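Undergrad: Here it is, the structure in full.
Protein chains: 2
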Amino acid sequence: MAPHDDQPEVEDEAMVSDTHKRPISTIVIFIAMHTEALPLVNRFQLKEDHDSLFPEGVPWVRYHGIYKDLHINIVQPGKDSALGVDGVGTVSASLVIYATIHALKPDLIINAGTAGGFKVKGAAIGDVFLASEVAFHDRRIPIPVFDLYGVGLRQAFSTPNIVKELNLKIGRLSTGDSLDMSPHDEASIIANDATLKDMEGAAVAYVAELLKVPAMFLKAVTDIVDGDKPTAEEFLQNLSDVTAALDETVAKAIDFINGKCLSEL
Amino acid sequence: MAPHDDQPEVEDEAMVSDTHKRPISTIVIFIAMHTEALPLVNRFQLKEDHDSLFPEGVPWVRYHGIYKDLHINIVQPGKDSALGVDGVGTVSASLVIYATIHALKPDLIINAGTAGGFKVKGAAIGDVFLASEVAFHDRRIPIPVFDLYGVGLRQAFSTPNIVKELNLKIGRLSTGDSLDMSPHDEASIIANDATLKDMEGAAVAYVAELLKVPAMFLKAVTDIVDGDKPTAEEFLQNLSDVTAALDETVAKAIDFINGKCLSEL
Numbered sequence: 000m001a002p003h004d005d006q007p008e009v010e011d012e013a014m015v016s017d018t019h020k021r022p023i024s025t026i027v028i029f030i031a032m033h034t035e036a037l038p039l040v041n042r043f044q045l046k047e048d049h050d051s052l053f054p055e056g057v058p059w060v061r062y063h064g065i066y067k068d069l070h071i072n073i074v075q076p077g078k079d080s081a082l083g084v085d086g087v088g089t090v091s092a093s094l095v096i097y098a099t100i101h102a103l104k105p106d107l108i109i110n111a112g113t114a115g116g117f118k119v120k121g122a123a124i125g126d127v128f129l130a131s132e133v134a135f136h137d138r139r140i141p142i143p144v145f146d147l148y149g150v151g152l153r154q155a156f157s158t159p160n161i162v163k164e165l166n167l168k169i170g171r172l173s174t175g176d177s178l179d180m181s182p183h184d185e186a187s188i189i190a191n192d193a194t195l196k197d198m199e200g201a202a203v204a205y206v207a208e209l210l211k212v213p214a215m216f217l218k219a220v221t222d223i224v225d226g227d228k229p230t231a232e233e234f235l236q237n238l239s240d241v242t243a244a245l246d247e248t249v250a251k252a253i254d255f256i257n258g259k260c261l262s263e264l
Numbered sequence: 000m001a002p003h004d005d006q007p008e009v010e011d012e013a014m015v016s017d018t019h020k021r022p023i024s025t026i027v028i029f030i031a032m033h034t035e036a037l038p039l040v041n042r043f044q045l046k047e048d049h050d051s052l053f054p055e056g057v058p059w060v061r062y063h064g065i066y067k068d069l070h071i072n073i074v075q076p077g078k079d080s081a082l083g084v085d086g087v088g089t090v091s092a093s094l095v096i097y098a099t100i101h102a103l104k105p106d107l108i109i110n111a112g113t114a115g116g117f118k119v120k121g122a123a124i125g126d127v128f129l130a131s132e133v134a135f136h137d138r139r140i141p142i143p144v145f146d147l148y149g150v151g152l153r154q155a156f157s158t159p160n161i162v163k164e165l166n167l168k169i170g171r172l173s174t175g176d177s178l179d180m181s182p183h184d185e186a187s188i189i190a191n192d193a194t195l196k197d198m199e200g201a202a203v204a205y206v207a208e209l210l211k212v213p214a215m216f217l218k219a220v221t222d223i224v225d226g227d228k229p230t231a232e233e234f235l236q237n238l239s240d241v242t243a244a245l246d247e248t249v250a251k252a253i254d255f256i257n258g259k260c261l262s263e264l
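Here the protein sequences line up with chains L and W, keeping their order. Under numbering that gives the first Met the number 0, the first sequence has 244 at position 245, and the numbering climbs by one with no breaks. Under numbering that gives the first Met the number 0, the second sequence has 10 at position 11, and the numbering climbs by one with no breaks.
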């Protein structure tokens, strides 16, 4: 480092502009649930990685393959070793994304998944949104500055051309580790001005920023949070159909991304 | 793997009993806040690691040194790069512990820190507890089996001889990403039968189990959750004094651990 100590900013800028100007090569798609990932695994004919990037014994899964000019990786927390359910939520998401970035150094992360939507903010079942910003709604730390750290508001990587090409709805995404919504969660979600509610996005954004990889968020609405049906029931009822809509949108996004550099998205 | 496919359990048992029978060599102490760590860093004359184990650019900190027959490492999330406050909570804790275990393969993890205590369960300001079990109280997923995954109840590594030697109080620890306690959190904490409430423990336990490293939890009470003072105020008021009590207990635990194997704790 010594010879460059007086010009780190110039170096950083040079690296960033280099990454932004060459065609995107490696993409990591993080999807929390197996049901959500399966259509994309099949569509891109990805193979499961058996010589794992990940430490021995963890249930994390990577599917990968080449599609056009892209190395596509779908990573997932996999099934909890003791309970056999998908490892949803912020802790698993953080770990899998961290280990994946560390191993693959991707050009772009796409967090694709299902979410709850607020009809008052224009969401309907089956809509696929691109998140403009992400934040947490269940990390209340009422001490100055810690409060902002808890909320962890972050901008998603800006992709105006994808939005135009795919005619996507745009909204803010709020993340918490509960599928339901307590009154405290609701107040924070309103403060976050969120259209969407999920269980991983803000954690993915946190790790991506920590390791300096751009991240975008495609979220398909499985349930209306401010509607009259119980979330868990509506979520399970719509999961399969909405996953098909998500699959279509991610596939179109991938086709658009192919051959382009970050600054063209 | 092929030659051993028919006897993995025998192999695992042999490895475990080897680890349990040789003297403990490398200890990782995870402490979320700098104020909580400083007395121990000074006491053991640990040096900050400048040739970091961790990826470039992350704020994570490791202090390390030799004390008697032990390699002692204190790891912390450090200061949030944008906001300058300690990176408290489950996501940072998970990442730091994951990266540390990956790099150091420690024999034992000690999560030391402050916590809220419930007087109805016998906690008083300044008490240092050893956690018997840990669980989450803010991951409500009302779908069968997912509900158990959300709670994430785990046993801490059993250390009956440390409890006896140090005359420690014992209680269950419940973890969430908020410093305050909503009614929903409270209901889950009661369901978890918890004496203590913190912001990292169950995440540390999750990662430790994932990577098969025993973990113990020493938590000093800074505030009475079911008392009449606001948590943030009481926490900040008692942080320094209670940290001194925590420092004493961790130091005694380290002295007891030195020269022993896991099965003697």
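A virtual CB, placed ideally from N, CA and C, is assigned to each residue, including glycine. Bear in mind that the values here come from a model prediction, so they are computed numbers and not experimental data.
Tell me the residue span of the beta strand (DSSP E) that contains isoleucine 65 of chain L.
TA: 60-66
Undergrad: Just how far apart, CA to CA, sit aspartate 179 of chain L and proline 141 of chain W?
TA: 7 angstroms
Undergrad: To which residues of the same chain is proline 7 of chain L closer than 8 angstroms at the C-beta, ignoring the five residues directly before and after it?
TA: Its pLDDT being 40, under 50, proline 7 of chain L is placed unreliably by the model, and the measurement read from it follows with that caveat. The answer is none, since no qualifying residue turns up.
Undergrad: By the 10 Å Cβ neighbour count, where 16 or more other Cβ atoms means buried, how is asparagine 191 of chain L classified, buried or exposed?
TA: buried
Undergrad: Taking just the CA atoms, how far does aspartate 240 of chain W sit from lysine 120 of chain W?
TA: 22 angstroms
Undergrad: Rounding to the nearest angstrom, what Cα-Cα distance links asparagine 110 of chain L and alanine 130 of chain L in this structure?
TA: In a straight line, the C-alpha of asparagine 110 of chain L is about 10 angstroms away from that of alanine 130 of chain L.
Undergrad: For a cutoff of 8 angstroms on Cβ pairs, would you count arginine 138 of chain L as touching chain W?
TA: yes
Undergrad: Going by the beta-carbon positions, is the gap between histidine 19 of chain L and serine 262 of chain L smaller than 8 angstroms?
TA: yes
Undergrad: Using 10 angstroms around the beta-carbon of isoleucine 65 of chain L, count the other beta-carbons present and answer buried if the total reaches 16, otherwise exposed.
TA: Residue environment analysis places isoleucine 65 of chain L among the exposed positions, since fewer than 16 neighbouring C-beta atoms fall within 10 angstroms of its C-beta.
Undergrad: Counting contacts by CB-CB distance shorter than 8 angstroms, is alanine 214 of chain W in contact with chain L?
TA: For alanine 214 of chain W, the answer is no, since every Cβ of chain L falls outside 8 angstroms of its Cβ.
Undergrad: Span of the beta strand (DSSP E) holding lysine 196 of chain L?
TA: 195-197
Undergrad: Are the C-beta of histidine 19 of chain L and some C-beta of chain W separated by less than 8 angstroms?
TA: no
Undergrad: Candidates W/Ala252, W/Ile256, W/Asp222: which alpha carbon is nearest aspartate 126 of chain W's?
TA: For aspartate 126 of chain W, the nearest C-alpha among the options comes from W/Asp222.
Undergrad: How is the beta strand (DSSP E) around phenylalanine 53 of chain L delimited, first residue to last?
TA: Note, phenylalanine 53 of chain L: premise wrong, no beta strand (DSSP E); not H, not E.
Undergrad: Please list, in chain order, all residues of the same chain as valine 206 of chain L whose beta carbon is under 6 angstroms from its beta carbon, the five residues on each side excluded.
TA: Ser93, Ile96, Tyr97
Undergrad: Three-state secondary structure (DSSP) at leucine 217 of chain W?
TA: strand
Undergrad: Would you mind telling me which residues of chain L sit closer than 9 angstroms to aspartate 176 of chain W, beta carbon to beta carbon, in chain order?
TA: In chain order: Thr89, Phe135, Asp137, Arg138, Arg139, Ile140, Gly149, Gly175, Asp176.
Undergrad: Which bits of chain L does leucine 238 of chain W rub up against, with CB to CB less than 8 angstroms?
TA: Ordered by position in chain L, no residue passes the 8 angstroms Cβ test against leucine 238 of chain W, which lies about 11 angstroms from the chain.
Undergrad: For a contact defined as C-beta to C-beta under 7 angstroms, what are the partners of leucine 209 of chain L on chain W?
TA: Val57
Undergrad: With DSSP run on the structure shown, which of helix, strand or coil describes arginine 171 of chain W?
TA: strand
Undergrad: Give, in chain order, every residue of the region 43-73 of chain W whose Cβ lies closer than 8 angstroms to some Cβ of chain L.
TA: Pro54, Gly56, Val57
Undergrad: Suppose you measure from the CA of valine 87 of chain L to the CA of glycine 200 of chain L; what does that come to, to the nearest Å?
TA: One C-alpha to the other measures close to 11 angstroms.
Undergrad: In the structure shown, what three-state DSSP assignment does valine 95 of chain L receive?
TA: When secondary structure is reduced to three states using DSSP, valine 95 of chain L falls in the helix class.
Undergrad: Using a Cβ-Cβ cut-off of less than 7 angstroms, give me the residues of the region 190-203 of chain L that come near chain W, in sequence order.
TA: Considering only beta carbons, the part of the region 190-203 of chain L lying closer than 7 angstroms to chain W consists of Ala202, in chain order.
Undergrad: Have a look at W/Ala102, W/Thr113, W/Pro38, W/Asp106 and flag the residue whose alpha-carbon is nearest the alpha-carbon of leucine 235 of chain W.
TA: W/Thr113
Undergrad: What residue ranges within the region 73-143 of chain L form continuous beta strand (DSSP E) runs of no fewer than 3 residues, ordered along the chain?
TA: If only complete runs of 3 or more residues are kept, the region 73-143 of chain L shows the beta strand (DSSP E) at 107-116, 127-135, in order along the chain.
Undergrad: Counting only C-beta atoms, is serine 262 of chain W closer than 8 angstroms to chain L at any point?
TA: no
Undergrad: Classify threonine 158 of chain L as buried or exposed, calling it buried when 16 or more other Cβ atoms lie within 10 Å of its own Cβ.
TA: Around the beta-carbon of threonine 158 of chain L, 16 or more other beta-carbon atoms lie within 10 Å, marking it buried.
Undergrad: I need the boundaries of the beta strand (DSSP E) containing phenylalanine 29 of chain W, first residue and last residue.
TA: 25-29
Undergrad: Give the residues from the region 92-107 of chain W that approach chain L closer than 7 angstroms (Cβ to any Cβ), ordered along the chain.
TA: Result list: Ser93, Leu94, Tyr97, His101.
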